[in-house]
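Asker:
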Amino acid sequence: MLKRILATVGALMLFVSPAVFAQTDSPVSILENATNEALRELNRNHGEIRKDINKLYDLVDRLVFPLVDFEAMSKLVLGKHWKKATPEQRQRFMDAFAKMLKYTYTRSLRDYTDQEIRYFPNKTQIKGRYASVYSEFVPGGGKPNVPVVYKLRKSKDGKWKAYNLIIDNLSMVKNYRTDFSREIREKGLDSLIDRLEKEQEEQKRLAEAGKDR
11 MLKRILATVG ALMLFVSPAV FAQTDSPVSI LENATNEALR ELNRNHGEIR KDINKLYDLV
71 DRLVFPLVDF EAMSKLVLGK HWKKATPEQR QRFMDAFAKM LKYTYTRSLR DYTDQEIRYF
131 PNKTQIKGRY ASVYSEFVPG GGKPNVPVVY KLRKSKDGKW KAYNLIIDNL SMVKNYRTDF
191 SREIREKGLD SLIDRLEKEQ EEQKRLAEAG KDR
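As structure tokens, then:
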């Protein structure tokens, strides 16, 4: 259940429009407007997306990269291994990790129904370039609501960008760091990057062949 929520909320975090970021400097307003826009887009194209997930991938390709701080996210995920990595390894990891997030989280939106995300502006915390936006995921069907905290960082060009989210005290970044650290210790960073690249190439191939259903 928690993984499903993580996938849905994570996907909504990624699925936002650059226009949203131009409207306001408030992190909570950015996320709230982005979520509403994402849900409208999903509702408008739900039938087409269910038939062809490439349409959803295309939307994410156009919207996600300017809006998520993949460098900050990658640094946190790799931890001490980031400092030891070469510039080439860092870039390869960021590219592969971004594609992994796209393929992993975007698929959950294809089956999106009537879930809701509520934001709590009064709880928003801003410290310098960093912000925490508090919300809750409402799954419906009598299931309990789940607390969600979005972590954002203001980039050099003054835009708030998401780099992590914490769902019911489970950090997406920490979760990946734990998994990847174990693999790096056992097989090395290059092996991890190679695996991610191969897996995402296979996901791309399946999507292009229309077999990702």
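For the sequence shown, this note's numbering assigns the number 11 to the initial residue and increments by one for each residue that follows. Beta carbons: idealized from backbone N, C-alpha and C, even for Gly.
Indicate whether Ala226 and Asp79 have their beta-carbon atoms separated by less than 9 Å.
Answerer: The shown model of the chain, from 11 to 223, leaves out residue 226, and the question about it has no answer.
Asker: Can the beta-carbon of Ile177 be found less than 9 Å from the beta-carbon of Pro157?
Answerer: Cβ atoms of Ile177 and Pro157: closer than 9 Å.
Asker: Quick check on Ile176: does DSSP put it in helix, strand or coil?
Answerer: Ile176 falls in the strand class under three-state DSSP.
Asker: Among the residues of its own chain, which have a CB less than 6 Å from the CB of Lys164, if the five just before and after it don't count?
Answerer: Answer for Lys164: Arg139 and Trp170, listed in chain order.
Asker: In chain order, what are the residue ranges of uninterrupted alpha helix (DSSP H) at least 4 long that sit wholly in the segment 72-116?
Answerer: Correct list: 80-88 and 90-94.
Asker: What separation, rounded to the nearest whole angstrom, lies between the Cα atoms of Ala108 and Lys153?
Answerer: Rounded to the nearest angstrom, the two C-alpha atoms are 31 Å apart.
Asker: Tell me whether Lys164 sits in a helix, a strand or coil according to DSSP, three-state version.
Answerer: It is a strand residue.
Asker: Name the DSSP bridge partner or partners of Val159?
Answerer: Val159 pairs with Tyr144 and Ile176.
Asker: Between Gln210, Leu206 and Met182, which lies nearest to Met83 when the distance is taken from Cα to Cα?
Answerer: Met83 has its Cα closest to that of Met182, out of Gln210, Leu206 and Met182.
Asker: Looking only at C-alpha atoms, which of Phe147, Lys61 and Asp204 sits nearest to Leu232?
Answerer: As displayed, the chain neither begins before 11 nor continues past 223, which places residue 232 out of reach and without an answer.
Asker: Look up Arg187 in the DSSP assignment and say whether it is helix, strand or coil.
Answerer: It is helical.
Asker: Which one of Leu199, Thr116, Ser36 and Phe130 has the shortest CA to CA distance from Pro97?
Answerer: Nearest of Leu199, Thr116, Ser36 and Phe130 to Pro97, Cα basis: Leu199.
Asker: Helix, strand or coil for Ile194, going by three-state DSSP, please let me know.
Answerer: It is helical.
Asker: Between Lys137, Tyr160, Ile194 and Asp167, which lies nearest to Tyr144 when the distance is taken from Cα to Cα?
Answerer: Tyr144 has its Cα closest to that of Tyr160, out of Lys137, Tyr160, Ile194 and Asp167.
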